[in-house]
Amino acid sequence: MKALSENEIRQLMDEIVWGTLIALDDKHPYAIETSFATDDRFLYTGSKCGGRMNRCIETNPAVTFKICDSTRDAKLFRAAIVESEAKILTERDEIMHCLRTIYKKLGLPESRIEERADKITARTGSLSLYRMPLKKLAGVASGS
15 MKALSENEIR
25 QLMDEIVWGT
35 LIALDDKHPY
45 AIETSFATDD
55 RFLYTGSKCG
65 GRMNRCIETN
75 PAVTFKICDS
85 TRDAKLFRAA
95 IVESEAKILT
105 ERDEIMHCLR
115 TIYKKLGLPE
125 SRIEERADKI
135 TARTGSLSLY
145 RMPLKKLAGV
155 ASGS
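Everything in the sequence shown is counted per this note's numbering, starting at 15 for the first residue and increasing by one.
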């Protein structure tokens, strides 16, 4: 097993579309699978507005985000984590940047971003968006 460099971790984050967001619900871990995207400074993701993950982050913003990639037999794998604090985005410009970053990575049409940002800003939509600074990164891969 070998440690991944920060550049290798960032490359993995660019390639993988889904990851696991892990937070604390009282004293117990709670995790969800979610799409995500990054820019130079932050990881962006979201969950159901008012849902369990959203409540966890409101109470305790300390989170971990896990990204994994493996062959079926697990002989080749890459895995990385981001330990951070999640901020629930409420400002429209932050929400727009987050949506643009995620939509671009997922190849989604930008025609829906404005309407979706309006609903998220007004808290009338079904989604909460989070921003996590890319401060503490770690990763491993198969190989020497």
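Idealized CB from N, CA, C, for every residue including glycine. Remember, predicted model here, so these are calculated numbers, not experimental data.
* **6 Å CB neighbourhood of T78 in its chain, flanking five on each side removed** => I36, I95 and E97
* Which residues DSSP lists as bridging R92, in chain order -> D83 and A155
* Would you mind working out which of G64, K89, C112 and R66 sits nearest F56, comparing C-alpha positions? => C112
* To do: Note down, one range per segment and in chain order, each beta strand (DSSP E) of at least 3 residues found wholly within the region 24-88.
  => Counting only runs of 3 or more, we get 32-39, 42-52, 56-62 and 76-84.
* What's the gap between the Cα of L38 and the Cα of A88? -> 29 Å
* First through last residue of the beta strand (DSSP E) which encompasses M146 -> Element bounds for M146: L141 to P147.
* To do: Let me know the secondary structure DSSP gives E105 once reduced to three states.
  => coil
* Asked: Within the chosen definition, does the region 144-157 reach the region 47-66 through at least 3 CB pairs nearer than 8 Å?
  -> Yes: at least three Cβ pairs fall under 8 Å.
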